[in-house]
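Asker: Before anything else, here's the structure in question.
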Amino acid sequence: MKKLSIFIIFLFLPIVYTDNITIIYEQAHTGDERGYWYGQGVIESEINDFCLDIGDTEIISFSSNYTPLKREGNKIFFSGNLNHFEALFLSPKISGHGLYKISFILPEINKEKDIEIKIEKVGRIIYSNIHFSEEKDGEYLVLKGKTNEREIKIVFLTDTAYIAFADFLAAGIFFVILIGYFFLKRKEIKAILKKRLKNNKFIDLKEKEQSFYVYIKSKKLFGWENKKFFIRIPYLLISILIIVFLLILAFYSITNSLSKIWTQLGSLKIVIGIGMVLFAIVSSILLVSAKNEKELSLRCGIVGSGVIGAMFASLGYPALILAIITFLLIYFLSKLVLEEELNDHQKTNKP
Amino acid sequence: MKLKMLTMFMCMIFLINSTYSMKVVFDTSVGFFGLNNDSSVGFSILKEEMEKKGFDVDNNIELGENAGRIGKTLLKKSNIFVIVNPNRNLSLDELTLLRDFVMNGKKLILICDKPESLKYINIVSEWFGAKFLPYYLGRELQVKNVKFISPMPLCLEMKPEISLKVNCTAKEWKSTWELPEKNICEDEFTIFAGMSYGKGKIAFLGDKDFLMNENITKNMEFVDNILDWLQQGKPNDKIIFSPETLEFLNGKNGSGICTIRIENIGEVTQHLIFKIPEYLKDIIILDTYDLYIQKGEIRFIKVKLVGSSEYSYLQDFIIIEREFGLYKYEDYIEIKVILDEKT
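Respectively, the protein sequence lines represent chains A and B.
Residue numbering for the first sequence is 1 to 351, as defined by my numbering.
Residue numbering for the second sequence is 352 to 694, as defined by my numbering.
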């Protein structure tokens, strides 16, 4: 009799309503590493007597004015008269490392659902089976969409993973370019290296020290010359400042982005290590085998712009612009410094 | 003078710090959340209200602790640790940590109102001499000023310091999602109990739904009482009744009146209920049976003896039930009625 009455109640279920579902995914330490906790969800609907299919979720609390009548599998039958039902639910944990996958069956009262999913520290959504609009809310990415789908599938990269991924990709491309340049100039490099190894004259420290000393002692930064006030731009100083700035920038951006995921990198750490050593060797060979000052400036520019471009690759196109600016800056500054030094050297060596 | 002021200032800082540093942590490792959820079924108002009273309410995630298990550092940061409807078995290590946590003077609150969580919560509660029972006491249950939503009763090994009990019929409760049918018994059931354990305290609560945003406003006084007990312990509740013995000389058709002086020298307002033994209800009549007495207040109650020759000698007690917060005590005033043969 009771079953029959319940059946009759649900036979005359009213019209079409929409479920409002909100789920928040917070980053948290779970187990031994940092990942995501369960989804913290709320489902609400303007309805009285109904059936809630909990899907893959676990109900934490629900409106006090509703009474659960019975459960059949995942379906829970409720009765109430407030015309506003709400329930907190826990959705399954997200799986992954850096690249995460949300995949579960949503709770459902009505077919149509307005969904809002807030995920902390998302770099980029790679895949989603539901069309969502995206907006930023502080540290959260908010996905909003309307759907009749039961299953939800989202693949995303965390911001740290996205930065690391973009950096690795850009570093890889830069390394390929460097190797390509190295390959094209291999004969020239070989000849110059052979010659310099024979003469044992990579760097003439004595000469450099002397020219630097002369530069500092003999040059006035500002003063009067021919009744005109002059300010001399100390290229060397500016270059040193820029190099120091770039080094600090490179150090912090690399260590910061890596420190967050370093423990999760596993055997990739060895690949990164080997890559860095190879990059250092190739760059050094390219720099010491420069034919003249102009080529040294060019190679310095290529190496410097490559490092900066790879570091800020996660920015997308701006990283390319940054790399070009860095190249021009390094190229022209080092050219000017080298030319100035050469002039100084010639002047001081005049008879 | 300066030293005095400095000492006072330091004391004030200490007092402010001691109030504000009470950290309440709701454990997420057992699958509970909702402290930051402002929907009608969330618990954000509870958090706000507690924070207004100087508590610092957090969970594992907010503290940057492991959200998947109860660890040493998490408990170190907590003064009051709350476990609600666990959805997993706590490991032996976690249980040992919790026991040591309470033994060393901290506080633990165990809340369960789901038959599905019983097997998990009882593993913890049994370590502290209590067990949640799979009984359904009704969808809505008004106990004094508190409206509980399908609460779950408790079975205790020891007499609790504070408790909240209700008389009702219990039904067998197998699942939150099924309406219970089979009646088990009618009895007095404990829905809330608090007791000391080692240097600390533990509270057991058979309902979490009354803490939800849609219900908490009406029930906050009860929550305050629990927190007061956890934080401060029993306040001074001394009441002086005089005289301690009421003596009547009863003539054949005679009657007599005397007055009881009641002075509340404690620091809490108390509710007094006077109970006369059933067989004396027609002989001894009080001008009030129920009164509230505030701290420092003095009240007088007239006790009237209506003459009865049925007993030549009578000795019994007036029972005074005292209630304040979650505390409940009984005091006694002796009555002696002696038949005066001369009259």
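Note that the Cβ used here is the ideal one computed from N, Cα and C, for glycine as well.
Bear in mind that the values here come from a model prediction, so they are computed numbers and not experimental data.
Can you pull the DSSP bridge partners for M546(B)?
Answerer: According to DSSP, M546(B) bridges with I553(B).
Asker: Taking a contact to mean a Cβ-Cβ separation below 7 Å, would you say L637(B) touches I613(B) in this structure?
Answerer: Their beta carbons are not under 7 Å apart, which means L637(B) does not touch I613(B) by this criterion.
Asker: Grab the span of the beta strand (DSSP E) containing Q40(A) for me, first residue to last.
Answerer: Q40(A) -> beta strand (DSSP E) spans G39 to S45.
Asker: Just the Cα atoms here: how many angstroms apart are F212(A) and G172(A)?
Answerer: Its pLDDT being 48, under 50, F212(A) is placed unreliably in this model, and the coordinates cannot settle the point.
Asker: Chain B beta carbons: is any one of them nearer than 7 Å to that of H97(A)?
Answerer: Chain B contact via Cβ: absent.
Asker: Nearest CA to the CA of N411(B): which residue from E402(B), L426(B), L469(B) and F394(B)?
Answerer: Checked all of E402(B), L426(B), L469(B) and F394(B); the closest Cα to N411(B) is L426(B).
Asker: What residues in the segment 543 to 570 of chain B have a beta carbon less than 8 Å from any beta carbon of chain A?
Answerer: Result list: K559, D560, M563, E565 and N566.
Asker: Applying a beta-carbon distance threshold of less than 8 Å, which residues of chain B neighbour S64(A)?
Answerer: Per Cβ cutoff of 8 Å: E491, I500, D560, M563, E565 and N566.
Asker: Report back the beta-carbon spacing between Y58(A) and F89(A) to the nearest angstrom; my notes put them in contact at under 8 Å.
Answerer: With the sequence shown as reference, residue 58(A) is identified as Glu, and Tyr is not the correct amino acid for it. Indeed, because the Cβ distance is near 6 Å, the residues count as touching under 8 Å.
Asker: Heavy atom of the ligand MG less than 6 Å from the Cβ of P531(B), yes or no?
Answerer: This structure lacks the ligand MG; in fact it carries no ligand of any kind.
Asker: Could you tell me if H29(A) is buried or exposed, where buried requires 16 or more neighbouring beta carbons within 10 angstroms of its beta carbon?
Answerer: H29(A) is buried by the Cβ-count criterion.
Asker: Can you give me the Cβ contacts of K70(A) inside the same chain, cut-off strictly under 6 Å, excluding the 5 residues immediately before and after it?
Answerer: For K70(A), where only same-chain residues beyond five positions count, the Cβ hits under 6 Å are F77.
Asker: When the Cβ atoms of the segment 436 to 449 of chain B are set against those of the segment 385 to 399 of chain B, are three or more pairs found closer than 8 Å?
Answerer: No: the two stretches stay apart, fewer than three of their Cβ pairs being nearer than 8 Å.
Asker: Identify the continuous alpha helix (DSSP H) that holds K403(B) and give its terminal residues.
Answerer: S395 to K403 is the span of the alpha helix (DSSP H), which, as asked, contains K403(B).
Asker: Y36(A) lies in the beta strand (DSSP E); which residues open and close that run?
Answerer: Element bounds for Y36(A): E33 to Y36.
Asker: In chain order, which continuous runs of the beta strand (DSSP E) of length 3 or greater are located wholly inside the segment 590 to 669 of chain B?
Answerer: The qualifying runs are 590 to 593, 596 to 601, 606 to 615, 621 to 626, 635 to 637, 641 to 644 and 649 to 657.
Asker: For E86(A) and chain B, any beta-carbon pair shorter than 7 Å?
Answerer: Output row for E86(A): interface = yes.
Asker: For N20(A), which residues does DSSP report across the bridge?
Answerer: For N20(A), which the question treats as bridged, DSSP gives the partners E44(A) and D114(A).
Asker: Between which two residues does the alpha helix (DSSP H) containing V122(A) stretch?
Answerer: That residue, V122(A), is in no alpha helix (DSSP H); its beta strand (DSSP E) goes V122 to S128.
Asker: Which class does G301(A) belong to by DSSP, given the choice of helix, strand or coil?
Answerer: In this structure, G301(A) counts as helix in the three-state DSSP scheme.
Asker: What runs of the alpha helix (DSSP H), each 4 residues or longer, lie entirely inside the segment 122 to 192 of chain A?
Answerer: Fully enclosed alpha helix (DSSP H) runs of 4 or longer: 159 to 184.
Asker: Using a 10 Å radius around the Cβ and a threshold of 16 neighbouring Cβ atoms, would you call I611(B) buried or exposed?
Answerer: Buried is the call here.
Asker: Using a C-beta cutoff of 7 Å, does K75(A) count as contacting chain B?
Answerer: By this cut-off, K75(A) is not an interface position.
Asker: Tell me which same chain residues have a C-beta within less than 8 Å of the C-beta of L178(A), skipping the five on either side of it?
Answerer: Excluding sequence neighbours, L178(A) sits near F279, V282, S283, L286, I302, V303 and G306.
Asker: Taking T520(B) as the query, report the chain A residues whose CB atoms sit under 8 Å from its CB, ordered along the chain.
Answerer: In chain order: nothing, as chain A lies at least about 17 Å away.
Asker: Just checking my contact of N148(A) with E112(A) at CB under 8 Å: how many whole Å lie between their CB atoms?
Answerer: Contact flag correct, Cβ pair sits at about 6 Å.
Asker: Just checking, does the segment 674 to 681 of chain B make contact with the segment 613 to 627 of chain B on the three C-beta pairs under 8 Å criterion?
Answerer: Contact holds: three or more Cβ-Cβ distances are below 8 Å.
Asker: Please work out which residues of its chain come closer than 7 Å, Cβ to Cβ, to A667(B), disregarding the five sequence neighbours upstream and downstream, and give them in chain order.
Answerer: The sequence given here places Asp at residue 667(B); Ala does not occur at that position. Counting only Cβ-Cβ distances below 7 Å, and skipping sequence neighbours, we find P628, L631 and I686.
Asker: Does E26(A) come within less than 7 Å of chain B when only Cβ atoms are used?
Answerer: Chain B contact via Cβ: present.
Asker: For I460(B), go through chain A and note every residue whose CB falls closer than 8 Å to its CB, in chain order.
Answerer: Residues of chain A passing the Cβ test: none, with the nearest at roughly 17 Å.
Asker: Residues of chain B with CB closer than 8 Å to the CB of V42(A), please, in chain order.
Answerer: In chain order: N388, S390, V392 and G393.
Asker: Where L315(A) and K552(B) are concerned, what is the direct C-alpha to C-alpha distance, given to the nearest angstrom?
Answerer: Taking the straight line joining both Cα atoms gives about 54 Å.
Asker: P318(A): buried (16+ other C-beta within 10 angstroms of its C-beta) or exposed?
Answerer: Looking at its Cβ environment, which holds fewer than 16 other Cβ atoms inside 10 Å, P318(A) is exposed.
Asker: Assign E565(B) to one of two classes, buried (16 or more other C-beta atoms within 10 Å of its C-beta) or exposed (fewer than that).
Answerer: Looking at its Cβ environment, which holds 16 or more other Cβ atoms inside 10 Å, E565(B) is buried.
Asker: Which residues in chain A have a C-beta closer than 8 Å to the C-beta of S526(B)? List them in chain order.
Answerer: Those within 8 Å of S526(B) in chain A are R71.
Asker: Let me know the secondary structure DSSP gives P466(B) once reduced to three states.
Answerer: Helix.
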